[in-house]
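Every number in this note's numbering is 1 more than the matching position in the sequence shown, counting from 1. The next block holds one structure in the form of structure tokens; read it before the comments.
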Amino acid sequence: MTPQNCRIAALQMVSGPRVADNLAVAARLVDAAVAQGAQLAVLPEYFPVIGAADADRVRAREDFGRGPVQDWLAQTAQRHGLWLVAGSIPLTASTPDKMLNSSLVFNPQGECVARYDKIHLFGFRKGDEAYDEAAFIEAGKTPVAVSTPFGRIALSICYDLRFPELYRGLGPVDLILVPAAFTETTGRAHWEILLRARAIENQCYLLAVGQGGRHESGRLTHGNSMIIDPWGEILDRKLKGPGVVIADLDHQRIADVRESLPALAHRKL
């Protein structure tokens, strides 16, 4: 079946520690995206909760398949007839002191049709700024791409962006999703250049949606959500604050880029 063109939306947020407040913001952003014709909308990493400590996210874990955040995602997708991607939510892990950082894809019937558990866990230390995701997250093991009416979509989360072999290992895709909560320090240096490289080398669209601003806890995230075409052109972006980034995914554009520069067919390794 020939994949359909579609309008895709990145819903940038600045999530806080209260799940209900974050769901209310997400609902308004979904409404705004749908009003602009979005058929697929993507929320950022940790969209339901960013607290002052890692333990806040661990406490917000849900069992896969049930819980208030997953219920909200299913109901929202169904109400709007929308493909809706939870950039990530905390799910129950195999040990009680850790969580899985998981991206969930809901179809317009409100069914969860794909789940990806973040594989690469961020570690960073520079001066007083330090992160160690392995201390509270259980790493995923399996790369995931999901087939939709709009083509084949690769799932990833934040730090995965730095590992191009993850995407290449999935084979050709039409769209890469990168929901994130990139730090301002690393984002300012590397975010855009890595995103555009992933789109260019895989000759596909890329939707990157970040947490973007100063959170109630004082944490500063980079934002700069954007949609990039297969030639590396940025079609729309938002630097900071909650909002909608929107663009059209055009399969003829993918075909034209791959025909004029058949790099995927030229691979040797």
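The beta-carbon is built from N, C-alpha and C at its ideal position, and this holds for glycine as well. Please read these numbers as outputs of a predicted model, since none were measured by experiment.
Per DSSP, cross-strand counterpart(s) of residue i
i	result
N102	P91
E130	K127
M227	A209, R238
T3	Answer is none; T3 lacks a bridge partner.
R8	D249
F137	DSSP output for F137 lists no bridge partner at all.
G244	Q13
R215	L221
R116	L105
Through-space distance from residue j to residue i, alpha-carbon basis
i	j	result
R199	E260	18 angstroms
G66	C113	8 angstroms
A21	P69	9 angstroms
F183	A190	11 angstroms
S103	H223	21 angstroms
A256	L262	10 angstroms
P49	R238	22 angstroms
Q13	S226	7 angstroms
Q37	L101	33 angstroms
K99	D133	13 angstroms
Q76	L85	10 angstroms
D129	L236	36 angstroms
D118	L178	13 angstroms
A115	K269	31 angstroms
T96	T3	43 angstroms
A266	V258	12 angstroms
E139	Q79	30 angstroms
A54	A11	26 angstroms
N203	S148	17 angstroms
V26	L171	33 angstroms
I90	R62	8 angstroms
H81	V35	7 angstroms
R153	R169	13 angstroms
L221	G188	11 angstroms
A264	K142	28 angstroms
D32	Q110	17 angstroms
9 angstroms Cβ cutoff met for residue i and residue j
i	j	result
L41	R8	yes
P18	G213	no
G88	V174	no
P144	A155	yes
F151	L250	yes
H252	Q5	yes
A56	F164	no
L83	A39	yes
D64	L105	no
I51	S218	yes
C159	A181	yes
I120	L167	yes
W192	L240	no
R60	Y47	no
L208	V43	yes
- Message: Contact between the stretch 243 to 250 and the stretch 113 to 124 is defined here as three or more beta-carbon pairs at a separation below 8 angstroms; is this criterion met?
- Response: Cβ pair count under 8 angstroms is below three, so no.
- Message: When you compare the stretch 70 to 77 with the stretch 223 to 236, are there three or more beta-carbon pairs, one atom per stretch, that lie closer than 8 angstroms?
- Response: As far as the Cβ criterion goes, the stretch 70 to 77 does not touch the stretch 223 to 236, which means the pair count is below three.
- Those runs of the alpha helix (DSSP H) which lie wholly inside the stretch 140 to 202 and span at least 4 residues: Taken in chain order, the complete alpha helix (DSSP H) segments of 4 or more residues contained in the stretch 140 to 202 are 165 to 169.
- Task: Please go through the stretch 12 to 98 and give each complete alpha helix (DSSP H) segment of 4 or more residues, from N-terminal end onward.
- Result: Segments of the alpha helix (DSSP H) lying fully in the stretch 12 to 98: 20 to 36, 55 to 60, 69 to 81.
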